[in-house]
Amino acid sequence: LQQPHKVTSLFTVAQFLPGSPEWDLMLDAQGQPHLTITAFGGATHSLSLLAPTGHTPLAPLSEFNDDLHDPRFVRGPAGGLMVTALAGDNQVLLYQPQPDGGYAPPLLLGVGDKIDNALLLAAPGVLVLLTRHMELGPQRGRFPGMLMAQALSPGFMPTGPAVPVFGDERIYDFDADVTAAGIAV
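Throughout the sequence shown, residue numbering follows the numbering used here, covering 234 to 418 in sequence.
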């Protein structure tokens, strides 16, 4: 018989209002866990980064666009502790860590219509922004949508038009990562 595994609590997140938090977890280069999470606030949501060293709030792009959600750590060996998030349903933001442990004000990575998921893939010399654009249709926890891929320059600027990842096929959820063989979606 197998012995039961010991359960360890990495983070405790207090939520002022009940809701379904959106979050992502990763280990840094030293193996320490980092959690980025949406704090459900009713009318608007805020973002935070939790690490063993403390709590860092992530600022909105502006005081007028402060509804932030879908926080995701950038995937791939060049991602470090960068985080993407959505502002409303039409802007993708990038948060980059600073040497002092804080985060720079967000950079606007992309603008679109009805974006409900975004994820940046970062490998040496390759940056690809994946965005899922929601459409009406049969619901499976969320509405279906088309997954688009946008190649970016090292300065995070588009290098050409966005292309559909799976052609005309609609998807409900996605995740992706950078592997030794390329990008896996």
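Don't be surprised by glycine CBs; every beta carbon is placed ideally from N, CA and C.
Could you give the distance in angstroms between the alpha-carbon of residue i and the alpha-carbon of residue j?
i	j	result
Phe301	Leu340	Position check: residue 301 holds Leu in this sequence, whereas Phe was assumed. In a straight line, the C-alpha of Leu301 is about 14 Å away from that of Leu340.
Val419	Thr286	Past the boundaries of the shown model lies residue 419; the chain is included only from 234 to 418, so the question cannot be answered.
Ala355	Asp322	23 Å
Val420	Pro237	It is not possible to answer for residue 420, since the shown part of the chain is limited to 234 through 418.
Asp406	Val398	13 Å
Leu294	Leu258	23 Å
Asp408	Val396	17 Å
Glu296	Ala414	42 Å
Asp410	Phe389	18 Å
Ala351	Glu255	13 Å
Leu291	Leu369	31 Å
Val240	Leu363	34 Å
Leu243	Gln263	15 Å
Return the residue from the list the options that minimises the CA-CA distance to residue i.
i	options	result
Thr271	His288, Pro394 and Asp261	His288
Pro377	Pro387, Glu402 and Leu385	Glu402
Val359	His366, Thr317 and Leu385	Leu385
Pro391	Ala382, Glu296, Leu319 and Pro397	Ala382
Gly400	Arg365, Lys239 and Tyr328	Arg365
Ala311	Leu243, Pro290, Gln329 and Gly393	Gln329
Gln265	Pro397, Leu291, Gly345 and Gly313	Gly313
Gly309	Leu258, Leu353, Ser295 and Pro332	Leu353
Ala284	Gln263, His278 and His267	His267
Pro387	Pro394, Leu369, Pro357 and Thr412	Pro357
Ala320	His278, Pro332 and Gly334	His278
Cβ atoms of residue j and residue i: under 7 Å apart, would you say?
i	j	result
Leu260	Thr269	no
Leu326	Ala318	yes
Leu446	Pro304	Beyond the ends of the chain as shown, which are 234 and 418, falls residue 446; an answer cannot be given.
Met404	Leu380	Checking the displayed sequence, the identity of residue 404 turns out to be Ile instead of Met. Yes. Within cutoff.
Met367	Asp346	no
Gln324	Val344	yes
List in chain order: all unbroken beta strand (DSSP E) runs of 3+ residues lying wholly within the region 281-312.
287-291 and 301-306
Which full runs of the beta strand (DSSP E) of 3+ residues lie inside the region 367-418, going along the chain?
378-385, 410-412 and 415-417
Jot down the residue ranges of each uninterrupted beta strand (DSSP E) in the region 327-365, minimum 3 residues, whole runs only, in chain order.
340-344 and 348-356
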